[in-house]
Amino acid sequence: MVMQEILCKLSDLELTDEDSQELKESAEEVIAELDSDTPDTGKIRGFARLIKRILTPIATAAIAGAATGTGALVQQWIETLTQAC
């Protein structure tokens, strides 16, 4: 699951402390919502949009050739989130 991947790689991403914390909390919220008996798709979409907003600068740097393998991974996450929403 992409949310678990994001949490596992969180320390590898070059994010501000605030963005890192927000990304962590949002990924955990998505996981909790998906694990609930009646997942709220509106909440999941909202958190996914927030996660994409945080990750977009990393993916943009990868497109420009300024990022490493992490940037390519982030691009994959964004594509996955875009397809899911």
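Each residue of the sequence shown is one higher than the last, beginning at 13 in my numbering. Glycine included, every Cβ here is placed at the ideal spot set by N, Cα and C.
Could you check what DSSP says for residue i in three-state terms: helix, strand or coil?
i      : result
Ser-48 : coil
Leu-25 : coil
Met-15 : helix
Rounded C-beta distance between residue i and residue j? I'm assuming under 8 Å.
i      : j      : result
Ile-63 : Gly-83 : Actually they are not in contact, since the Cβ atoms of Ile-63 and Gly-83 sit about 16 Å apart, beyond 8 Å.
Glu-34 : Ile-66 : 6 Å
Going by other Cβ atoms of all chains shown within 10 Å of its Cβ, with 16 needed for buried, is residue i buried or exposed?
i      : result
Ser-23 : exposed
Ser-38 : buried
Met-13 : exposed
Hey, residue i and residue j: beta-carbon distance below 8 Å or not?
i      : j      : result
Asp-52 : Glu-41 : no
Of the choices the options, whose alpha-carbon is the least far from that of residue i?
i      : options                   : result
Lys-36 : Cys-20, Asp-49 and Trp-89 : Cys-20
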